[in-house]
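Structure record follows, encoded as structure tokens.
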Amino acid sequence: MPHASPHPSRHPQGRRLRRVRLLGVLASLALAAGLTGALGSPAAAADTTAPAAPVDTTASYDSAALTAKITWVRGDGKKVAGYRVYRRPQGQGPDSYTAVSSTESPASTTYSDKPPATGGTYSYAVRAVDKTGQESAYSTAADVTTVDQLAPDGPMWISASSGSEANSLAWNEVSDAARCEVYRASEETGETGAFTRIATVESTSYADTGAWADVPYAYKVRAVDAAGNLSDFSDLARATRDTTAPLSPQDLTVAKQDEQGITLTWRNGGSDAVKYNVYRGTSPSSAPNVKVGSTNTLTYRDTSGDAGLGYFYLVRGVDGTGNESAGTAPVLATKQVGPTTVPASPNLNVAYVAGDKLTLKWLQSPYVPISQYRVYRSRTTPVDTTSPANEFAVTSETSLSRTVADDEKDYYYAVVAESGYGVLSTPSASRLPELRPPQLPPATSFWNVQAGDGRATLNWYAVGFSTDEPPFAGYRLYRSTTPGVTPGNAEAVFAPTSDGYVDTGLTNGTTYYYVVTVLNTDGVESNLSPEVSVTPTA
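Residues -32 to -1, 1 to 506, numbered by mature numbering (1 follows the signal peptide of the UniProt record, and there is no 0), are exactly what the sequence shown covers, in order.
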């Protein structure tokens, strides 16, 4: 029988085969555990590096097609799977970018976009994308400015009001409008005709003075922006220029006259008046023309007139467009003077100091009888007329003349009128007198010189005084037997108040020389008249 072979596990070739298999299993276990070789080092990590950003980004705008063309150059680095294009309004940060494209092929380095045509400027940037979806940083931005094709908002709340001279339009302000166009159509037949542009304005109102009177019109407005874009039209507004005056009120009557004022009443007269204008005047020969007030009732109370003064009143109706009717027949009425009537304030119109003479003059309404005037003064203005310490003088005249010292020329003066019932007016305006040099009266000259027996008859021209001069007080006649008469060498002085004098008791055959001067109430003397001479004879 054959000889049996040795045990396989002990055969050298079998041991080598088992060793190879064992090494293969160990190597597989090492790979599964992420190890290499006998050192056990980490396996390769996943790729997290973003691609490089594109460069040289540019953008151009086609204003006809309203499109923006963006181009760029691939950046250095790993292979790129595609690109994304982003857009944002100029001036905003990177966080405001919005993607306007999906990932494109790696070969495409251009993209066309249609940004909103608002006239705004937009910034574009591009990012590279790899196969795992990682994006690069943004490229440098490139800008385009779009054409403005965005219409402004249309005007709202348009209104139209009828007037006698024009139809007035108004509407709300449109924020982005550069101007507004106004259109009008006639509605005479009850239907709106063709609209015609009648004005372009930069405001929010328009007065249509070209509208025909009594013709109904419809109006509409639209806004235009700086780029010429037109808004929608506003709603319609309607108005008719009214030039027909209302009928005159009727039966104007004085209902009451008392110390406080005058009450008037009247009838409507069947007119379309919405209010009434009340006029007054002081002359019956002309229509009253001073408007004292308005009312939307059929009665009016006038408390503004001077007491004691008769006024002629009339009333005119006014319609909703401002047309005014003819006036009523005038009526006469007077605000009554009584125990409580306050006098009008004096008008202190003249105040000056000439030399040492103070002159004050004032005007006073004559319709409330005045018993006296109280003159007050102080070194401050306005003068406190309630302080007894400031009372300077009391007079029944409308003027005052006083001598004042040099240290009294800086006072302010005011005048208060007092009625016969003891009611005081409000004070006049306070005035500081003007400092004037003494004002010489006008000089005169002789027009007649006649000799007689022991006498001489002399006449000279009377002089006139203006209202702002001190009044006339008289004359001074100087006589001497020596020529060159002056007040200093005169042998005789006479004070006639008329414009002539007869000098008696003269010596016949002796020649006498005369000059005459004029005096005013300030005591100021005029220049000497030309000298005349006369020789009395028997």
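Backbone N, C-alpha and C fix where the C-beta goes; we use that ideal spot for every residue, glycine too.
**Asked** Should Lys188 go down as buried or exposed, given a rule of 16 or more other Cβ atoms within 10 Å for buried?
**Response** What you label residue 188 is simply residue 220 of the sequence shown in a count that begins at 1. Buried: at least 16 other Cβ atoms inside 10 Å.
**Burial state of Asp490 (16 or more Cβ within 10 Å)** = Position 522 of the sequence shown, counted from the start, is the residue given in the question as residue 490. With 16 or more Cβ atoms within 10 Å of its Cβ, Asp490 is classed as buried.
**Straight-line Cα distance separating Tyr79 from Lys37** = Your numbering for residue 37 matches position 69 in the sequence shown. Your numbering for residue 79 matches position 111 in the sequence shown. About 6 Å.
**Prompt:** For Leu215, which beta-bridge partners are listed by DSSP?
**Reply:** Sequence index remark: in the sequence shown, residue 215 carries index 247 (1-based). None, per the DSSP bridge assignment.
**Asked** With DSSP run on the structure shown, which of helix, strand or coil describes Glu499?
**Response** The count along the sequence shown starts at 1 and reaches residue 499 at position 531. Correct three-state label for Glu499: coil.
**Asked** Helix, strand or coil: which one does DSSP assign to Asn264?
**Response** For this step, residue 264 is matched to residue 296 along the sequence shown. Of the three classes helix, strand and coil, the one that applies to Asn264 here is coil, per DSSP.
**Asked** Which residues share a DSSP beta bridge with Gly420?
**Response** By 1-based counting over the sequence shown, the position of residue 420 is 452. Beta-bridge pairing links Gly420 to Arg423.
**Beta-carbon gap between Tyr320 and Val351 smaller than 8 Å** = Here residue 320 corresponds to residue number 352 of the sequence shown, with the count starting at 1. Here residue 351 corresponds to residue number 383 of the sequence shown, with the count starting at 1. Not closer than 8 Å, so no.
**Request:** Drop a sphere of 10 angstroms on the beta-carbon of Arg(-12), count the other beta-carbons inside from all chains shown, and report buried for 16 or more, exposed for fewer.
**Result:** Position 21 of the sequence shown, counted from the start, is the residue given in the question as residue -12. For Arg(-12), the predicted structure reports a pLDDT of 49, less than 50, and the residue's modelled location is therefore unreliable. A value from the coordinates is still provided. Classification of Arg(-12): exposed, given that the 10 Å Cβ count is below 16.
**Request:** Would you grab the beta carbon distance between Gly43 and Ala21 for me? Rounded to a whole angstrom, and I think it's under 8 Å.
**Result:** Taking the first residue of the sequence shown as position 1, residue 43 is located at position 75. Taking the first residue of the sequence shown as position 1, residue 21 is located at position 53. Going by Cβ atoms, the distance from Gly43 to Ala21 rounds to 5 Å, so yes, they are a contact pair.
**Message:** In whole angstroms, give me the CA-to-CA distance for Tyr92 and Ile126.
**Reply:** Within the sequence shown, residue 92 is the residue found at index 124, counting from 1. Within the sequence shown, residue 126 is the residue found at index 158, counting from 1. Spanning the two alpha carbons is a distance of roughly 42 Å.
**Request:** Using the DSSP secondary-structure output, state which residues sit across from Lys37 in a beta bridge.
**Result:** Numbered from its first residue, the sequence shown carries residue 37 at position 69. Partner(s): Ser28, Ser80.
**Prompt:** According to the Cβ coordinates, are Ser393 and Ala312 closer than 8 Å?
**Reply:** The sequence position of residue 393 within the sequence shown is 425, counting from 1. The sequence position of residue 312 within the sequence shown is 344, counting from 1. Yes; because the gap between Cβ atoms is below 8 Å, this pair is in contact.
**Request:** Kindly indicate which residue of Leu368, Ser346, Thr371, Glu365 has the alpha-carbon position closest to the one of Glu359.
**Result:** The count along the sequence shown starts at 1 and reaches residue 359 at position 391. It is Ser346 whose Cα lies nearest to the Cα of Glu359.
**Asked** Under the rule that 16 or more other beta-carbon atoms within 10 Å means buried, what is Ser199, buried or exposed?
**Response** In the sequence shown, residue 199 corresponds to position 231, counting from 1. It is buried - the Cβ of Ser199 has at least 16 other Cβ atoms within 10 Å.
**Request:** Mind listing, in chain order, the continuous alpha helix (DSSP H) runs of no fewer than 4 residues lying wholly within the stretch 428 to 487?
**Result:** none
**Message:** On a Cα-Cα basis, can you pick out the residue from Trp234, Cys148, Thr25 that is closest to Val41?
**Reply:** Here the question's residue 41 lines up with position 73 in the sequence shown. Closest option to Val41, Cα to Cα, is Thr25.
**Request:** Can you give me the Cβ contacts of Val(-8) inside the same chain, cut-off strictly under 7 Å, excluding the 5 residues immediately before and after it?
**Result:** Taking the first residue of the sequence shown as position 1, residue -8 is located at position 25. No answer about Val(-8) holds up, because its pLDDT of 42 lies below 50 and its placement is not dependable.
**Asked** Using a Cβ-Cβ cut-off of 6 Å (strictly less than) and excluding sequence neighbours within five positions of Leu204, which residues of its own chain qualify?
**Response** If you number the sequence shown from 1, residue 204 lands on position 236. Ala186, Lys188, listed in sequence order.
**Prompt:** Under the rule that 16 or more other beta-carbon atoms within 10 Å means buried, what is Asn135, buried or exposed?
**Reply:** Looking up residue 135 in the sequence shown gives position 167. Buried is the call here.
**Prompt:** Given Gly295, which residues of its chain have a CB within under 6 Å of its CB, disregarding the five upstream and five downstream residues?
**Reply:** Translated into positions along the sequence shown, residue 295 becomes position 327. Answer for Gly295: Leu282, Arg284, listed in chain order.
**Item:** Heavy atom of the ligand COA within 7 Å of Ala463 beta-carbon
**Value:** Summarising the ligand content, the structure contains no ligands, and the ligand COA is consequently not present.
**Asked** What span of residues does the beta strand (DSSP E) with Tyr389 cover, start to end?
**Response** Position 421 of the sequence shown, counted from the first residue, corresponds to residue 389. Counting along the chain, Tyr389 falls outside any beta strand (DSSP E), and DSSP gives it neither H nor E.
**Asked** Who pairs with Glu493 in a beta bridge, going by DSSP?
**Response** For the purposes of this step, residue 493 is identified with residue 525 of the sequence shown, where counting begins at 1. BP columns for Glu493 point to Leu487.
**Prompt:** Among Val362, Ser364, Glu386, Pro498, which one has its Cα closest to the Cα of Asn416?
**Reply:** The count along the sequence shown starts at 1 and reaches residue 416 at position 448. Cα-wise, what sits closest to Asn416 is Pro498.
**Message:** Mapping the DSSP letters down to three states, classify Gly130 as helix, strand or coil.
**Reply:** Along the sequence shown, one-based indexing puts residue 130 at 162. In the sequence under discussion, the amino acid at residue 130 is Ser, which differs from the Gly named in the question. Strand at Ser130.
**Prompt:** What are the residues that DSSP puts in a beta bridge with Gly285?
**Reply:** Start at 1 with the first residue of the sequence shown, and residue 285 comes out as number 317. DSSP lists Tyr244 as partners of Gly285.
**Prompt:** Excluding five sequence neighbours on each side, which residues of the same chain lie with their C-beta closer than 6 Å to the C-beta of Ser64?
**Reply:** Working through the sequence shown from its first residue, we reach residue 64 at position 96. Arg56, listed in sequence order.
**Item:** Nearest-angstrom beta carbon gap, Lys243 and Ser216 [assumed within contact, 8 Å]
**Value:** Residue 216 sits at position 248 when you count from the first residue of the sequence shown. Residue 243 sits at position 275 when you count from the first residue of the sequence shown. No, Ser216 and Lys243 are not in contact; Cβ-Cβ is about 14 Å, not under 8 Å.
**Ordered list of beta strand (DSSP E) runs contained in the stretch 286 to 368, each at least 3 residues** = 299 to 302, 315 to 322, 325 to 331, 338 to 346, 359 to 363
**Request:** Go ahead and label Arg404 buried or exposed: buried means 16 or more other beta carbons lie within 10 angstroms of its beta carbon, across all protein chains shown.
**Result:** Counting from one through the sequence shown, the residue named residue 404 turns up at place 436. Its Cβ having fewer than 16 others within 10 Å, Arg404 is exposed.
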